[in-house]
Structures are given as C-alpha cells and as structure tokens.
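In our numbering, the protein residues as written are 22 to 177.
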C-alpha cells in the first residue's frame, strides 16, 4: 500500500506589531500557528496615536492584494512562492522592518479572525489592506501576506 501524504496549503503572515510574540493580540490570534520565526520586509512603520503600528509598502513590492476568499488567497500565495523572488531594496527611503513570519496550517479557520482584527474588509472600507510581499526569513525568501495601511500605500 502506497502512503500518499496530502500536503495542505499553509498560510504565512508577516507580522510587525501586536500579533508578534509578546504582543497583546498574539495569544488570541496566533497560538494555533505551526511556526514563528524572525523575518524582515522593506517598508516604513509609523506608530499611530491609537497605539498600534502601520506598515507602509512601496507599490512595486506588492505582489497581490487580499480578497474575501481565504482559500483562494492561500493557493495564490503558494503559486507565487514558485516564482523567482527578489528582495531588492525599493527605490526611495525604505528600511528593513523587523517582524515575525507566522505560519498557520488551517487558513480557512485562522485568516478570517485576523482579517477582522486588522479591519480588512475587501468589499468595503478597510483600515488595513492585506498585501502579499516577499519576506526574508532564516536566510531564505518566501511570499507572505501582511497588513499595510491602505490609504498610505496599498491603493493602486
């Protein structure tokens, strides 16, 4: 009998604020993750008066924008991972942003609550936009979703 292992798609999120280990939202939203590791992206982080950070990305860093369909977004992430990835600094005044790469095994369960927390409403007014970017983690490049301020950089 042949052992056929079915590989489930994984959801990867780059987090840089309250969802990081030790952050106030990690316990409620990220404890079901299968791994967490240090990671970086190019961008700018602003500390908002409301008490949470906002990531700004260069337009050419955004590989895709999130939708209301977690299954589609997870498969899209896997397809993009097979492409040639580059981690070149964008043109302009951009810095390496330290954060964490959080990986989930059940995107259909884990992504919607985080979208809700981040105020991501793909079919309405959103606080943040979910964007796919290239992330450097443990000396390798991967694609991951992250949340950035929609009004600052994620609108095309």
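Positions of the beta carbon are idealized from the N, C-alpha and C atoms, including for glycine.
This one's a predicted model, so the numbers in the text were calculated from it and none came from an experiment.
Burial state of residue 70 is exposed, judged by a 10 Å Cβ sphere holding fewer than 16 other Cβ atoms. Of the candidates 146, 75, 91, 91 places its Cα closest to the Cα of residue 31. Unbroken alpha helix (DSSP H) stretches of 4 residues or longer found wholly inside the segment 31–81: 47–50, given in chain order.
Ranked by Cα distance from residue 152, the options 141, 86, 158, 164 are led by 86. DSSP places residue 99 within a helical segment (H, G or I) once states are collapsed to three. Under the rule that a run must span 3 or more residues, the beta strand (DSSP E) segments found entirely inside the segment 90–166 read 116–125, 149–158.
Listed in chain order, the non-local C-beta contacts of residue 130 below 8 Å within the same chain comprise 53, local neighbours out to five positions each way being set aside. With a cutoff of 8 Å on beta-carbon distance, residue 145 and residue 37 are scored as not near each other. Closest in alpha carbon position to residue 168, among 29, 72, 77, is 77. Between the alpha carbons of residue 75 and residue 68 lies a distance of about 6 Å. Under a 10 Å Cβ-count criterion, residue 155 is classified as buried, with 16 or more other Cβ atoms of the shown protein chains found around its own Cβ. Within the same chain, and ignoring the five residues on either side of residue 141 in sequence, the residues whose Cβ sits closer than 6 Å to its Cβ are 147, 149, 151.
Ranked by how close their Cα comes to the Cα of residue 83, the residues 114, 106, 73, 89 have 106 in first place.
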